[in-house]
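Q: Before anything else, here's the structure in question.
In structure tokens:
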């Protein structure tokens, strides 16, 4: 089992722990968005990792608001196994954030500015940019903006540094090599080391991994049962083997969905927890 003492800032669990520190989160967002930010706020009801595990659910993204009401969701992405689905993930996150606002009685016209940020240790679009920023534009007239105030930003820690600020370039370099190179990245590294040495956080990390394994085992049992049942049903026809295979696949899909639902984690993390080979990730992504 992984040990938190070996985790770096690019580990999504460690990143979440570090980003629970408001000042570090604020400074990181300043570098990503290239704007001055006075403070960040964690919405009421946003649980710490420890509280989430106690309630049998965990999310590894970090959700904050700014003084002007802007909503920001940030997540570390350390695997390119299903980068083709990243766009769909931003769509899902956007729907969750908008739904949260509307539940509180907000009118559509008062939906807040939203930034969804993925920090990727790989190039998500193979264009060698360090920062990719997306917003809604008219295809027929690119100067015409939809003004839905939703921005999706993908950072590529491997990208060309020439078009980004020195402070952002330093952050990307630090995520790549774990070597602090300015005051801010030294502060990040100090927090990483504090988390590594925290017995409670190491136990929390073990609990997180153990919970994933328990979910995996429960899902496997259910998947085997459904796979056998489906195989028997299809076995009445000539496609007995095909039926078994479909049943097994459906069982795995059920397992992945259960892990995602109960642990509030990404499809990729759920597939890893379920023991799905990485080369099969794209196949199962299309079935979710």
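In the working numbering, the protein residues as written are -9 to 278. Where a beta carbon is used, it is the ideal one built from N, C-alpha and C, also for glycine. Note that the structure is a prediction, hence the values are computed from the model and not measured.
#1: For residue 118, which option in 146, 71 and 100 has the closest C-alpha, if you only look at C-alpha atoms?
#2: DSSP three-state call for residue 154: helix, strand or coil?
#3: May I ask you to list the residues that DSSP assigns as paired with residue 143?
#4: In the structure shown, what three-state DSSP assignment does residue 66 receive?
#5: Going by Cα to Cα distance, which pick from 170, 56, 84 and 173 is closest to residue 25?
#6: Assuming the contact rule is C-beta atoms closer than 8 Å, residue 63 and residue 87 should be a hit. Round their C-beta distance to whole Å, please.
#7: From the DSSP output, read off the bridge partner residues of residue 164.
#8: Report yes or no: do three or more beta-carbon pairs, one from the region 133 to 149 and one from the region 102 to 110, lie closer than 8 Å?
#9: If residue 3 sits next to residue 50, beta carbons under 8 Å apart, how far is it from one beta carbon to the other, in whole angstroms?
#10: Rounding to the nearest angstrom, what Cα-Cα distance links residue 159 and residue 182 in this structure?
#11: When the Cα of residue -2 is compared with those of 189, 15 and 164, which residue comes out closest?
#12: What residues are listed by DSSP as bridge partners for residue 135?
#13: Below 7 Å between beta carbons: does that hold for residue 127 and residue 61?
#14: Let me make sure I understand the geometry here. Which of 267, 243 and 260 has the alpha-carbon closest to that of residue 277?
#15: In terms of DSSP beta bridges, what is residue 31 paired with?
#16: Given that a residue counts as buried once 16 or more other Cβ atoms are within 10 Å of its Cβ, and exposed if not, what is residue 97?
#17: Just mark residue 28 as buried or exposed, buried being the case when its beta carbon has 16 or more other beta carbons within 10 Å.
#18: Within the same chain, show all residues whose beta-carbon is closer than 8 Å to that of residue 246, passing over the 5 residues directly before and after it, in chain order.
#19: If you follow the alpha helix (DSSP H) that residue 81 is in, where does it begin and where does it stop?
#20: Report, in whole angstroms, the separation of the C-beta atoms of residue 31 and residue 54, which I expect to be a contact under 8 Å.
#21: In angstroms with no decimal places, state the Cα-to-Cα distance between residue 134 and residue 176.
A: Let me lay it out:
#1: Here residue 118 refers to the residue found at position 128 of the chain shown. Answer by Cα proximity: 146.
#2: Reading the chain shown from its first residue, position 164 is the one you call residue 154. Residue 154 carries a coil assignment under DSSP once its states are collapsed to helix, strand and coil.
#3: Residue numbering aside, residue 143 sits at position 153 when the chain shown is read from its first letter. In the DSSP assignment, residue 143 is bridged to 107 and 123.
#4: Start at 1 with the first residue of the chain shown, and residue 66 comes out as number 76. In the structure shown, residue 66 sits in a strand (DSSP, three-state: E or B).
#5: Mapped onto the chain shown, residue 25 falls at position 35. If you compare the alpha carbons of 170, 56, 84 and 173 with that of residue 25, the shortest gap goes to 56.
#6: The residue labelled residue 63 in the question sits at position 73 within the chain shown. The residue labelled residue 87 in the question sits at position 97 within the chain shown. Indeed they touch by this definition, with Cβ atoms about 6 Å apart.
#7: Residue numbering aside, residue 164 sits at position 174 when the chain shown is read from its first letter. Residue pairing from DSSP leaves residue 164 without any beta-bridge partner.
#8: Judged by pairs of C-beta atoms under 8 Å, the region 133 to 149 touches the region 102 to 110, as three or more such pairs exist.
#9: In the chain shown, the residue the question calls residue 3 occupies position 13. In the chain shown, the residue the question calls residue 50 occupies position 60. Yes, residue 3 and residue 50 are in contact; Cβ-Cβ is about 6 Å, under 8 Å.
#10: For the purposes of this step, residue 159 is taken as residue 169 along the chain shown, with counting starting at 1. For the purposes of this step, residue 182 is taken as residue 192 along the chain shown, with counting starting at 1. Distance between the alpha carbons of residue 159 and residue 182: 20 Å.
#11: As a first step, residue -2 is located in the chain shown; it is residue number 8 there, counting from the start. Answer by Cα proximity: 164.
#12: The residue you call residue 135 lines up with position 145 of the chain shown. 127, per the DSSP bridge assignment.
#13: The residue given as residue 127 occupies position 137 in the chain shown. The residue given as residue 61 occupies position 71 in the chain shown. No, the pair does not count as a contact, with Cβ atoms beyond the cut-off.
#14: Position 287 of the chain shown, counted from the start, is the residue given in the question as residue 277. Distances from the CA of residue 277 to each of 267, 243 and 260 were compared; the closest alpha carbon is that of 243.
#15: The residue labelled residue 31 in the question sits at position 41 within the chain shown. Under DSSP, the beta-bridge partners assigned to residue 31 are 55.
#16: Residue numbering aside, residue 97 sits at position 107 when the chain shown is read from its first letter. With fewer than 16 Cβ atoms within 10 Å of its Cβ, residue 97 is classed as exposed.
#17: Locating residue 28 in the chain shown gives position 38, counting from the first residue. Residue environment for residue 28: exposed (fewer than 16 other C-beta atoms within 10 angstroms of its C-beta).
#18: Residue numbering aside, residue 246 sits at position 256 when the chain shown is read from its first letter. Excluding positions up to five away in sequence, the list reads 209, 257, 260, 261, 264, 266, 274 and 278.
#19: Here residue 81 is taken as the residue at index 91 of the chain shown, counted from 1. DSSP places residue 81 inside the alpha helix (DSSP H), whose first and last residues are 76 to 93.
#20: As a working mapping, residue 31 is identified with position 41 in the chain shown. As a working mapping, residue 54 is identified with position 64 in the chain shown. That pair is a contact at about 6 Å.
#21: Taking the first residue of the chain shown as position 1, residue 134 is located at position 144. Taking the first residue of the chain shown as position 1, residue 176 is located at position 186. Approximately 42 Å between the Cα atoms of the pair.
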